[in-house]
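The sequence shown begins at 4 in the working numbering and counts up one residue at a time.
Single-structure report; data block below.
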Amino acid sequence: MSDLKLNLGCGDTRLAGYVNVDKYGTFGPDIVADLEVVPWPFEESSVADVQLIHALEHMGQTTESFLNIMRELYRVCRHGARITIKVPHPRSDGYLGDPTHVRPITPNVLSLFSMEENRTFIERGWPNTRLAMHLNVDFRMLSIVYAPTPRWHHKLASGEVTNQQVMEAMESQNNVIDEIAMVLEVVKGAA
4 MSDLKLNLGC GDTRLAGYVN VDKYGTFGPD IVADLEVVPW PFEESSVADV QLIHALEHMG
64 QTTESFLNIM RELYRVCRHG ARITIKVPHP RSDGYLGDPT HVRPITPNVL SLFSMEENRT
124 FIERGWPNTR LAMHLNVDFR MLSIVYAPTP RWHHKLASGE VTNQQVMEAM ESQNNVIDEI
184 AMVLEVVKGA A
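Structural data, given as structure tokens:
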């Protein structure tokens, strides 16, 4: 079983024990590669762990490009591989203020790439696009963590608001959540 670990779109954040990959050689990645160009220089089912830390929101400006990235991510990962994705919340100034952010990445977006979620969409008659079925990929969401902005973190810590109130505010207000951290698991057939 492969133990290859990738830090994709690493920028200046190099991780020990990972192959650090970035489009630009500015900060000395191990591999310079444009991840919007497929195929990637990795064998099928060879990757056990992927880190996409403030990277995925910079990729896939067109739908075709984004879907190719997700398809390629699935191709290179082995069954059971873990993918950690950290992105700015799309209603945060951190997301809105950076012209290189081309696509909001949310749990709802990533649910489109889950076979289990796609079956739920069908069973419930929901119109959500069944991207897992269209692309023959399957990413299972293992965890979602929302990091509040300092202002909302202080309100939460002081007891001024509850977690539920923060989640409700997140749905309708800007600058409630700074970052979303999600962990996916790759689901493939036996060996």
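Ideal Cβ placement from N, Cα and C applies to all residues, glycine included.
Give the range of the beta strand (DSSP E) segment to which residue i is assigned.
i: Leu-115; result: No beta strand (DSSP E) contains Leu-115, which DSSP labels as neither H nor E.
i: His-82; result: 80-91
i: Glu-182; result: 180-189
i: Asn-23; result: 22-25
i: Ala-150; result: 142-151
Let me know if residue i comes out buried or exposed under the rule of 16 or more other beta-carbons within 10 Å of its beta-carbon.
i: His-61; result: buried
i: Pro-130; result: exposed
i: Tyr-223; result: Nothing can be reported for residue 223: it is not among the residues displayed for the chain, which extend from 4 to 194.
i: Ala-19; result: exposed
i: Tyr-27; result: exposed
i: Ile-86; result: buried
i: His-157; result: exposed
i: Ser-175; result: exposed
i: Met-170; result: exposed
i: Ile-147; result: exposed
i: Asp-6; result: exposed
Using the Cα positions of residue i and residue j, report the straight-line distance between them to the nearest angstrom.
i: Gly-31; j: Asp-37; result: 14 Å
i: Leu-134; j: His-82; result: 19 Å
i: Leu-59; j: Ala-160; result: 30 Å
i: Gly-12; j: Ile-88; result: 11 Å
i: Gln-64; j: Arg-106; result: 6 Å
i: Ile-108; j: Asp-33; result: 26 Å
i: His-1; j: Cys-80; result: Look at the range of the chain in this structure, 4 to 194, and you will see that residue 1 is not part of it.
i: Trp-155; j: Val-53; result: 30 Å
i: Tyr-21; j: Leu-76; result: 16 Å
Would you list the one or two residues that DSSP bridges to residue i?
i: Ser-95; result: According to DSSP, which records beta bridges pairwise, Ser-95 is partnered with nothing at all.
i: Lys-10; result: The identity of residue 10 in the sequence shown is Asn, whereas the question assumes Lys. For Asn-10, which the question treats as bridged, DSSP gives the partners Asn-23 and Gln-54.
i: Val-40; result: DSSP lists no partner for Val-40.
i: Ile-34; result: Val-24
So, at 7 Å on beta carbons, what are the nonlocal neighbours of residue i in its own chain, with the 5 sequence-adjacent residues on each side left out?
i: Asn-71; result: Val-41
i: Ser-117; result: Ala-135, Asp-141, Phe-142, Arg-143 and Met-144
Excluding the five sequence neighbours on either side, which residues of its own chain have a C-beta within less than 6 Å of the C-beta of residue i, listed in chain order?
i: Glu-120; result: Ser-114
For residue i, report the span of its alpha helix (DSSP H) as first-last.
i: Leu-138; result: 134-138
i: Val-169; result: 166-175
Does residue i have its Cβ less than 7 Å from a Cβ in chain B?
i: Gly-128; result: Looking for chain B here will not work: only one protein chain is present.
For residue i, which residues of its own chain have a beta-carbon under 8 Å away from its beta-carbon, when the five flanking residues on both sides are left out?
i: Val-3; result: Because residue 3 is not part of the residues shown, which for the chain are 4 to 194, the question remains open.
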